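Here's the structure, in structure tokens; my notes come after.
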Amino acid sequence: MNNTFDVRRFVQVFRLSWQNQPILPYLVLLGMIPLLLFFFFIDAHGAYVNLQSETPFLMFNVYLCACGWLHAGLAYSELGKTGGAARSLMLPASALEKWLAKSLLVGVVFPFIIWLTYNLLFEVFGWMSLHWMAFRYRSIDWGSGDVKISLFIFYMSLPAAYASGLAWKRLGVLKGLVFFVVLFIVLFQLALIGTGGFSFGMEKSALLEQVSMSYYDPQLDTHTQVLVRLFWMIGVFIPSFLLLLSTYFFTRERTL
Amino acid sequence: MEFQAQTAIWLQIARQVATRIMAGEWPPGERIPSVRELAAELQVNPNTVVRSVTFLQDAGIIVNQRGIGYFVADDGVSKARDMRKKAFTEELLPPFFKTIDELGIQWDELKTWYQQHQNNSKS
Amino acid sequence: MIDVQSMSFSYRKNRPVLDRINLQMEAGGVYGVLGANGVGKTTLLHLLGGLLFPTAGNISVDGKKPMLRQPSFLEQVYYVPVEFDLPRVTVQAYQKRYAPFYPHFSITSWLHALETFRLAADASLSDLSFGQKKKVILSFAIASGCQILLFDEPTDGLDIPSKDSFRRLLSARIDEQRLAIIATHHVHDVAMLLDHLIVLKAQHVLLESSLEQLTTHLRTVTTVQLPDADELLYSERIPGGHHCLLRNTQGQEGPLDLELLFKALQSHPEIIQNSLPYEQHI
Numbered sequence: 006m007n008n009t010f011d012v013r014r015f016v017q018v019f020r021l022s023w024q025n026q027p028i029l030p031y032l033v034l035l036g037m038i039p040l041l042l043f044f045f046f047i048d049a050h051g052a053y054v055n056l057q058s059e060t061p062f063l064m065f066n067v068y069l070c071a072c073g074w075l076h077a078g079l080a081y082s083e084l085g086k087t088g089g090a091a092r093s094l095m096l097p098a099s100a101l102e103k104w105l106a107k108s109l110l111v112g113v114v115f116p117f118i119i120w121l122t123y124n125l126l127f128e129v130f131g132w133m134s135l136h137w138m139a140f141r142y143r144s145i146d147w148g149s150g151d152v153k154i155s156l157f158i159f160y161m162s163l164p165a166a167y168a169s170g171l172a173w174k175r176l177g178v179l180k181g182l183v184f185f186v187v188l189f190i191v192l193f194q195l196a197l198i199g200t201g202g203f204s205f206g207m208e209k210s211a212l213l214e215q216v217s218m219s220y221y222d223p224q225l226d227t228h229t230q231v232l233v234r235l236f237w238m239i240g241v242f243i244p245s246f247l248l249l250l251s252t253y254f255f256t257r258e259r260t261l
Numbered sequence: 149m150e151f152q153a154q155t156a157i158w159l160q161i162a163r164q165v166a167t168r169i170m171a172g173e174w175p176p177g178e179r180i181p182s183v184r185e186l187a188a189e190l191q192v193n194p195n196t197v198v199r200s201v202t203f204l205q206d207a208g209i210i211v212n213q214r215g216i217g218y219f220v221a222d223d224g225v226s227k228a229r230d231m232r233k234k235a236f237t238e239e240l241l242p243p244f245f246k247t248i249d250e251l252g253i254q255w256d257e258l259k260t261w262y263q264q265h266q267n268n269s270k271s
Numbered sequence: 002m003i004d005v006q007s008m009s010f011s012y013r014k015n016r017p018v019l020d021r022i023n024l025q026m027e028a029g030g031v032y033g034v035l036g037a038n039g040v041g042k043t044t045l046l047h048l049l050g051g052l053l054f055p056t057a058g059n060i061s062v063d064g065k066k067p068m069l070r071q072p073s074f075l076e077q078v079y080y081v082p083v084e085f086d087l088p089r090v091t092v093q094a095y096q097k098r099y100a101p102f103y104p105h106f107s108i109t110s111w112l113h114a115l116e117t118f119r120l121a122a123d124a125s126l127s128d129l130s131f132g133q134k135k136k137v138i139l140s141f142a143i144a145s146g147c148q149i150l151l152f153d154e155p156t157d158g159l160d161i162p163s164k165d166s167f168r169r170l171l172s173a174r175i176d177e178q179r180l181a182i183i184a185t186h187h188v189h190d191v192a193m194l195l196d197h198l199i200v201l202k203a204q205h206v207l208l209e210s211s212l213e214q215l216t217t218h219l220r221t222v223t224t225v226q227l228p229d230a231d232e233l234l235y236s237e238r239i240p241g242g243h244h245c246l247l248r249n250t251q252g253q254e255g256p257l258d259l260e261l262l263f264k265a266l267q268s269h270p271e272i273i274q275n276s277l278p279y280e281q282h283i
């Protein structure tokens, strides 16, 4: 018997993880967004303000980050109670299978379902508004650079939420949020040392300005581009990846 | 079921089975319930029942037919009675006699009570 | 089947819950783990199930290390904890979700257990009382087909008929390949099921013995007058006389009230040294 990975067993674990986590509340919440937009953009005269393409997109981003975080942070909530933890840890599957199933659910399946539903909802609302009110939402442009940035933000922060749910037995998401926000502020302020002071004012360092704004800037010279990429690598990609990896070892070594 | 805590459980179970054989619950030649069935019925460890059954087999009350189970021996009823009798004389009579002596009860008194008891049972 | 070698466990440094204990358990047995509250019964079960890792020493369960939590180990071990929080699904849905992980799961045993416990398959777990939830988990354990069953206070929360049902179901399920370990302080509830006894006291194994051994050396009687002093090990007053733990000198196995033995061991652990052959005390 393969004690590390077995496809049949993995499928079983994935199915169980899927069944054991609620998705309906998230979808209901998601459905509120187009509705909200619908009513929010009616002006006083009953006419419709033309919707900017960015608004639904922005709403989606906010939703994805908030609910994606929540979903990831709750992925291991059963470990908080002895009974649930015993059942989860003693489920006959390898630590890798269990972790992979959860990670796949949190990082791929959940965002995909949200994306799919959101598109579908906009199609439906778009059709309805066009036929009944001679008004149409502009479809969301999923090919823009903004999408890359929002996905980037989502995936870089996801391991933090995922790990928070494991690190704290109760209210992991909340504690994680506080922890990482504080950490971010501290690091941000540290990065500003010697470059104009401890503030969120306009006197950012040249480096920070460059790395935050110009990751995709094609006009940068090679030297600066390498520096920028290096900064992101060390500052964001690697810590985030390590955090994700640590969750695997954390579940493997987890005891009651 | 509750067991009278005067002998080991396995022996109590053996005696209970013997009593049931005497009562004709399983006539000679018939299969008695399996160890597992008896264990479940009496809510005891099957290993305990194994000991009871082995004891009954050694006493010649039941016979083992390999692979099929345990059957009441042809003379199982009389052997069961012998077993119960032995237990009675060895375990119940001594304290009984002791009490008789303690209370100074006479044989005639006992006889009267016994006849009374028999009459009560008949009516 | 289970081999525990000088195993220690502590939640905090230098405050061991279990201190260098040794235990051997064989398949085909039902082991009762007794001990006062907080003596490490549950901890022992958690260690055997791989839910806690020993701080020193070794545990081998069927040749495997529990702490690795390998699937080949986990599919042969089922643990019934004292507390459980179950998903909000029906009894049947619960079985459908979890049974595929146990290759020897028997749907016949499952249905039979539900029937014996009078549980409805379409009942929602979130609507059930604590005792009923317990019966669902016990049914699952009995039907799981696992070689090793770990029970922590299995009769807790069960009403009297359900305790009967539990004993009946478990005794029908015990065979040469299986090993059941029952940690409890309700000795009386499971006494008839046990064939081995493990008594824990103050981080150690005070007693590890088969019941056969115990009953050849010890017996309990209820008497009006206290028996001879050299036979008597421990006694307690009951209405109408004394409930006594005696040295068994009759040459045949006697009855043994495990609850009385347990009480005796709590106040007079030296009884063991005085009345049993050396191998029985650790």
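Residue numbers (our numbering), protein chains in the order written: chain A, 6 to 261; chain B, 149 to 271; chain C, 2 to 283. Ideal Cβ placement from N, Cα and C applies to all residues, glycine included. None of these values were measured; they are calculated from a predicted model.
In the DSSP assignment, Q214 of chain C falls within the unbroken alpha helix (DSSP H) covering 212-218. Between the alpha carbons of V225 of chain C and I161 of chain C lies a distance of about 30 Å. Rounded to the nearest whole angstrom, the C-alpha separation of W158 of chain B and L179 of chain A is 60 Å. The beta carbon of Q71 of chain C sits closer than 7 Å to some beta carbon of chain A. Counting C-beta pairs closer than 8 Å gives fewer than three between the stretch 258-265 of chain B and the stretch 233-241 of chain B, which falls short of the contact rule. Counting of Cβ neighbours within 10 angstroms places H228 of chain A among the exposed residues, the total staying below 16. For the stretch 154-173 of chain C, residues whose beta-carbon sits nearer than 8 Å to a beta-carbon of chain B comprise D165, R168, R169, L170, S172, A173. If the five residues before and after G224 of chain B are omitted, its C-beta is found closer than 7 Å to the C-beta atoms of I169, P176, I209, I210, all from its own chain and listed in chain order. Boundaries for S61 of chain C: no alpha helix (DSSP H) harbours it, while the beta strand (DSSP E) harbouring it runs 57-62, taken from the DSSP string. Linking G64 of chain C to Y99 of chain C through their CA atoms gives a straight-line distance of about 25 Å. The residues L227, H243, H244, C245, L246, in chain order, have a CB closer than 8 Å to that of S236 of chain C in the same chain once the five nearest residues on each side in sequence are set aside. In the structure shown, R168 of chain B falls within a helical segment according to DSSP collapsed to helix, strand and coil. For the pair L163 of chain A and A77 of chain A, the CB atoms are nearer than the 7 Å cut-off.
For the pair G146 of chain C and Y80 of chain C, the CB atoms are not nearer than the 7 Å cut-off. Using a Cβ distance threshold of 7 Å, V197 of chain B and L186 of chain B count as a contacting pair.
Within the stretch 48-124 of chain C, the complete beta strand (DSSP E) runs of at least 3 residues fall at 57-62, 78-81. Taking 7 Å as the cut-off between beta carbons, the residues of the stretch 93-116 of chain A near chain C are L94, M95, L96, P97, A98, S99, A100, in sequence order. Judged by DSSP secondary structure, H189 of chain C falls within the alpha helix (DSSP H) whose first and last residues are 188-191.
The contact set of T87 of chain A on chain C, defined by CB atoms closer than 7 Å, consists of P82, E84 in chain order. One finds R98 in chain C with Cβ atoms closer than 7 Å to the Cβ of L21 of chain A, taken in chain order.
Here N275 of chain C is exposed, its C-beta having fewer than 16 other C-beta atoms within 10 Å.
For E254 of chain C, the residues of chain B that pass the 7 Å Cβ criterion are A156, in the order they occur in the chain.
Closest in C-alpha terms to A173 of chain C, from the list B:T167, B:R184, B:W174, B:G172, comes B:R184. The beta carbon of L266 of chain C sits closer than 8 Å to the beta carbons of V200, K202, L207, L208, I272, I273 from its chain, once the five residues preceding and following it are set aside; these are given in chain order. Within the stretch 32-58 of chain C, those residues whose Cβ lies closer than 8 Å to any Cβ of chain A are, in chain order, H47, G50, G51, L52, L53, F54.
Beyond the five residues adjoining it in sequence on each side, P39 of chain A comes within less than 7 Å, by CB distance, of L126, F127, F130 in the same chain, given in chain order. Remark: C-beta atoms of A98 of chain A and F19 of chain A do not approach each other more closely than 7 Å. Residues E154, T156, D157 of the same chain have their beta carbon placed closer than 8 Å to that of H187 of chain C, with the five preceding and five following residues left out of the count.
Proximity of chain C to Q191 of chain B at the Cβ level (cut-off 8 Å) is accounted for by D165, R168, R169, S172, M193, L194, in chain order. Close CB contacts of R89 of chain C within its chain, under the 6 Å cut and outside five residues either way in sequence, are with S127 (chain order). In the three-state reduction of the DSSP assignment, M64 of chain A falls in the helix class. Cβ proximity to chain C below 7 Å picks out R184, A187, A188 from the stretch 163-189 of chain B.
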